[in-house]
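Asker: Residue numbers (UniProt numbering): 1 to 103. Yeah, the Cβ is synthetic: ideal placement off N, Cα and C, and Gly gets one too. Bear in mind that the values here come from a model prediction, so they are computed numbers and not experimental data. Below is the structure I would like to discuss, written out as C-alpha coordinates.
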Amino acid sequence: LGIWVCHQRVEHRKWLENKPSPFTPERLQQLNDIGFVWDAFEVAWMDQYQELIQYNIEHGDCLVPAKYASNPTLGIWVMTQRQEHHIKNSYNTKMNTVIAWYL
(Lines of atoms letter the chains of each structure in order from A; the text may use other names.)
(Lines give C-alpha, C1' and ligand atoms only; values in the text may rest on other atoms or scores of the structure.)
Protein backbone atom coordinates (compact mmCIF):
# COMPACT_ATOMS: atom_id res chain seq x y z
CA LEU A 1 0.00 0.00 0.00
CA GLY A 2 2.83 2.40 0.87
CA ILE A 3 4.42 1.97 -2.56
CA TRP A 4 1.07 2.56 -4.25
CA VAL A 5 0.49 5.74 -2.21
CA CYS A 6 3.97 7.01 -3.09
CA HIS A 7 3.31 6.25 -6.77
CA GLN A 8 0.05 8.24 -6.68
CA ARG A 9 1.85 11.23 -5.21
CA VAL A 10 4.63 11.05 -7.79
CA GLU A 11 2.20 10.76 -10.71
CA HIS A 12 0.06 13.57 -9.32
CA ARG A 13 3.12 15.82 -9.06
CA LYS A 14 4.07 15.01 -12.67
CA TRP A 15 0.50 15.73 -13.78
CA LEU A 16 0.55 19.10 -12.01
CA GLU A 17 3.81 19.95 -13.79
CA ASN A 18 2.29 18.96 -17.17
CA LYS A 19 4.75 16.10 -17.52
CA PRO A 20 3.74 12.76 -19.05
CA SER A 21 1.66 10.82 -16.52
CA PRO A 22 -1.28 8.41 -16.54
CA PHE A 23 -2.86 10.58 -13.84
CA THR A 24 -6.28 12.03 -14.70
CA PRO A 25 -8.71 14.55 -13.22
CA GLU A 26 -11.03 11.62 -12.52
CA ARG A 27 -8.36 9.86 -10.46
CA LEU A 28 -7.72 13.09 -8.59
CA GLN A 29 -11.41 13.37 -7.75
CA GLN A 30 -11.64 9.73 -6.66
CA LEU A 31 -8.61 10.05 -4.40
CA ASN A 32 -9.84 13.34 -2.95
CA ASP A 33 -13.25 11.77 -2.31
CA ILE A 34 -11.68 9.13 -0.07
CA GLY A 35 -9.57 11.70 1.79
CA PHE A 36 -6.24 10.85 0.18
CA VAL A 37 -3.34 12.64 1.89
CA TRP A 38 -1.25 14.40 -0.74
CA ASP A 39 1.31 15.84 1.64
CA ALA A 40 2.16 13.57 4.57
CA PHE A 41 4.59 16.17 5.92
CA GLU A 42 1.82 18.76 6.17
CA VAL A 43 -0.45 16.34 8.02
CA ALA A 44 2.30 15.48 10.51
CA TRP A 45 3.09 19.19 10.93
CA MET A 46 -0.56 20.03 11.60
CA ASP A 47 -0.81 17.20 14.15
CA GLN A 48 2.11 18.68 16.09
CA TYR A 49 0.67 22.17 15.70
CA GLN A 50 -2.59 20.96 17.29
CA GLU A 51 -0.55 19.50 20.15
CA LEU A 52 1.12 22.90 20.57
CA ILE A 53 -2.26 24.62 20.71
CA GLN A 54 -3.30 22.18 23.45
CA TYR A 55 -0.06 22.89 25.33
CA ASN A 56 -0.79 26.62 25.06
CA ILE A 57 -4.30 26.12 26.48
CA GLU A 58 -2.91 24.15 29.42
CA HIS A 59 0.20 26.26 30.15
CA GLY A 60 -0.61 29.71 28.80
CA ASP A 61 2.44 29.85 26.54
CA CYS A 62 4.25 27.98 23.79
CA LEU A 63 7.53 27.59 25.64
CA VAL A 64 7.65 23.81 25.41
CA PRO A 65 10.85 22.43 26.94
CA ALA A 66 13.02 20.47 24.50
CA LYS A 67 12.78 17.51 26.89
CA TYR A 68 9.08 17.82 27.71
CA ALA A 69 8.32 14.59 29.59
CA SER A 70 4.57 14.56 28.87
CA ASN A 71 5.11 14.71 25.10
CA PRO A 72 8.77 14.35 24.06
CA THR A 73 8.01 14.64 20.35
CA LEU A 74 6.31 18.01 20.90
CA GLY A 75 9.36 19.43 22.66
CA ILE A 76 11.63 18.29 19.85
CA TRP A 77 9.19 19.55 17.21
CA VAL A 78 8.99 23.03 18.77
CA MET A 79 12.78 23.17 19.06
CA THR A 80 13.07 22.21 15.37
CA GLN A 81 10.51 24.83 14.35
CA ARG A 82 12.44 27.51 16.22
CA GLN A 83 15.71 26.46 14.58
CA GLU A 84 14.16 26.44 11.10
CA HIS A 85 12.51 29.79 11.74
CA HIS A 86 15.84 31.22 12.89
CA ILE A 87 17.63 29.94 9.80
CA LYS A 88 14.93 31.19 7.41
CA ASN A 89 14.60 34.54 9.18
CA SER A 90 18.10 35.25 10.44
CA TYR A 91 17.55 38.96 9.83
CA ASN A 92 14.94 38.88 12.61
CA THR A 93 17.39 37.68 15.26
CA LYS A 94 16.87 40.67 17.50
CA MET A 95 13.10 40.35 17.25
CA ASN A 96 13.27 36.62 18.01
CA THR A 97 15.04 37.32 21.29
CA VAL A 98 12.14 39.53 22.40
CA ILE A 99 9.17 37.51 21.15
CA ALA A 100 8.53 34.19 22.88
CA TRP A 101 6.25 32.69 20.19
CA TYR A 102 2.89 32.94 21.85
CA LEU A 103 -0.24 31.69 20.09
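Please report the distance separating the alpha-carbon of Val10 from that of Glu42.
Answerer: Within the sequence shown, the letter at position 10 stands for residue 10. Within the sequence shown, the letter at position 42 stands for residue 42. Cα to Cα, the separation comes out at about 16 angstroms.
Asker: Compute the distance between the beta-carbons of Trp38 and His12, then report whether it is under 8 angstroms.
Answerer: As a first step, residue 38 is located in the sequence shown; it is residue number 38 there, counting from the start. As a first step, residue 12 is located in the sequence shown; it is residue number 12 there, counting from the start. Closer than 8 angstroms, so yes.
Asker: Determine the DSSP secondary structure at Tyr68, reduced to helix, strand or coil.
Answerer: Reading the sequence shown from its first residue, position 68 is the one you call residue 68. DSSP places Tyr68 in coil when its eight states are reduced to three.
Asker: Within 8 angstroms, do at least three Cβ pairs link the stretch 66-82 to the stretch 49-57?
Answerer: The answer is yes - the stretch 66-82 touches the stretch 49-57, with three or more Cβ pairs under 8 angstroms.
Asker: What number of angstroms, rounded off, separates the C-alpha of Gln30 from the C-alpha of Trp4?
Answerer: Position 30 of the sequence shown holds residue 30. Position 4 of the sequence shown holds residue 4. Computed Cα separation, rounded: 15 angstroms.
Asker: What is the residue span of the alpha helix (DSSP H) that Phe41 lies within?
Answerer: Here residue 41 corresponds to residue number 41 of the sequence shown, with the count starting at 1. Its alpha helix (DSSP H) spans residues Ala40 to His59.
Asker: Note down the Cα distance separating residue 118 from Cys62, rounded to an integer number of angstroms.
Answerer: Within the shown structure, residues of the chain are numbered from 1 to 103, placing residue 118 beyond reach of any answer.
Asker: Taking the alpha-carbon of Gln83 as reference, which of Ile57, Ser70, Thr24 and Ala66 has the nearest alpha-carbon?
Answerer: For this step, residue 83 is matched to residue 83 along the sequence shown. Out of Ile57, Ser70, Thr24 and Ala66, Ala66 has the C-alpha closest to the C-alpha of Gln83.
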